[in-house]
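What follows is a single structure, written as structure tokens, with notes after it.
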Amino acid sequence: MVSLNTEIRSDLPLEAILKREMERQRNKLEMIASENFVSENVLRITSSVFTNKYAEGYPEARYYGGCEYADELEHLTQTRARKLFGAEHANVQAHCGSSANMAAYFAAAKPGDTILGMDLSHGGHLSHGSPASFSGKIFKTRFYGVKPDTELIDYDEVIRLAEEVKPRIIVAGTSSYPRIIDFGKFRQAADRSGAMLIVDMAHFAGMVAAGLYPSPVPPADIVTSTTHKTLRGPRGGMILCRRVYGKAVDDAIFPGVQGGPLLHVIAAKAAALGEALEPDFIDYQRQILKNTLRLAQHLTDSGHKLVSGGTDTHLVLVDLRNKNINGLQAEIALDKAGITANKNTVPFDRERFSITSGLRLGTAALTTRGMVESDIDEVADFVVGALRNADDDGHLKKIRDMVANFTKKFPLYPGLEF
Ligand code: DSN
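Position 56 of the sequence shown, counted from 1, bears residue number 64 in our numbering, the numbering being contiguous throughout.
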């Protein structure tokens, strides 16, 4: 007879994988700028019974019965998202950042219309018009970038291109740009060209929530985000917009792009948004900024060139072209030393995306583990040591042992098996 499990059956091969992943997260330094560690509460709620429920549609307008608590849940999550970001309308169903962006584009444009986005190799994102993504296949695309001398966004070029191309959509938002974006300039470009302004705030949403980064809500018409980066929620997406675009955005997510929402993830988004509304979330974001500045200082002092010369955010982008090592080699060396990070193109990079000349480093996850500036001093020593000794496996192993010892000071999910 097939029945509901009343006890948890052991599945040894699967459990072994989960335990190894837990140990990896515990024993290594997580410096991927787009990753974080959710609270134990968010982790618990991500695996709630809402994983069992279908709820296609929206509160009070579902295509399934039994959605009364799903409705309450979605209302609560929307309310928290609106409150946290001061938005008129929130859609919390997007499964990820790319589906949030896809829905935002469909709400604002028709296939074949033109999107003006940031060049991927200058810090943009695949879903901002890259020919490799749906965005570059469905829409016509043009790109702006950074200035060669300052490596800051060339706002004059944004305005000039907007006036020339008359795009339907201008996308502002980045995945490896370490500086604050001037949304006022983008609004100006949108107004002059009659475009809709969509801001993808995925990377810096946590800082926006804390009031430490200028809010795009407004001046953007539509704002998309993931919920798992600096916002420190479950893996997922979200869209905020002016009320006037609410129906178009909702229709674009469902039935336009997605089917049933992931209610268990929406529940976890509610928990994370609740945490972000607490005053200590501002302290957390402040500490991220202090930690990144300290990391930037160490890297600069040790002769590493940082794109744009520094950072205003949770990440730095190291330009390795003066160091006789490429991004891939750096990523591998750091990994051997117990540090997880990713290779990344730098502006005007001549290397392929699979190699790159840069290394992106973030501090959001380290800060969640409780690290402050004095800890970042040690982290920076590990990073610089690994970059300097990238060919020396013995040295990298020594750093890895030191890292494993160091991370013990910052317990991660104590008591949890996986
Ligand atoms: N892949 C994410 C990042 O690492 O920035 C963006 O989607």
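For every residue, glycine included, the Cβ atom is placed at its ideal position computed from N, Cα and C.
query	result
Exposed or buried, which one is Pro186 when buried takes at least 16 other CB atoms within 10 Å?	buried
Assuming Ser143 is part of the alpha helix (DSSP H), what are its boundary residues?	142 to 146
Can you name the start and end residues of the beta strand (DSSP E) that Arg368 belongs to?	366 to 370
Ignoring anything shorter than 3 residues or poking outside the segment 182 to 214, list the beta strand (DSSP E) runs there in chain order.	204 to 208
Do Ala117 and Ile188 count as a contact pair if the criterion is CB distance below 7 Å?	no
For Arg360, which of helix, strand or coil comes out of DSSP?	coil
Select from Pro263, Glu286, Val392, Ile340 the residue whose C-alpha is nearest the C-alpha of Ala69.	Pro263
Using the beta carbon as the reference atom, which residues fall closer than 6 Å to any heavy atom of the ligand DSN, ordered along the chain?	Ser42, Gly105, His133, Ser183
Let me confirm a value: Pro269 is counted as buried when at least 16 other C-beta atoms fall within 10 Å, else exposed. Which label applies?	buried
Okay, do the segment 215 to 223 and the segment 79 to 95 touch, 3+ Cβ pairs below 8 Å being the bar?	yes
Tell me the rounded alpha-carbon separation between Asp409 and Leu301.	26 Å
Can you tell me the Cα-Cα spacing of Leu205 and Phe194, whole angstroms?	7 Å
Smallest Cα separation from Ser184: which of Val273, Tyr66, Met126, Ile363?	Met126
Identify, in the order they occur along the chain, each residue of the same chain with its Cβ nearer than 6 Å to the Cβ of His133, setting aside the five sequence neighbours on each side.	Ser183
Going by CA-CA distance only, name the one from Leu271, Leu124, Val166, Ile53 that's closest to His149.	Strictly speaking, residue 149 in this sequence is Thr, with His absent from that position. Residue Leu124 is the option with its Cα nearest to Thr149.
For a test of the three-state rule: what should DSSP assign to His312, helix, strand or coil?	coil
Quick one: residues in its chain with C-beta nearer than 6 Å to the C-beta of His306, no 5 flanking neighbours on either side, listed in chain order?	Ala388
Is Lys174 helix, strand or coil when you go by DSSP?	coil
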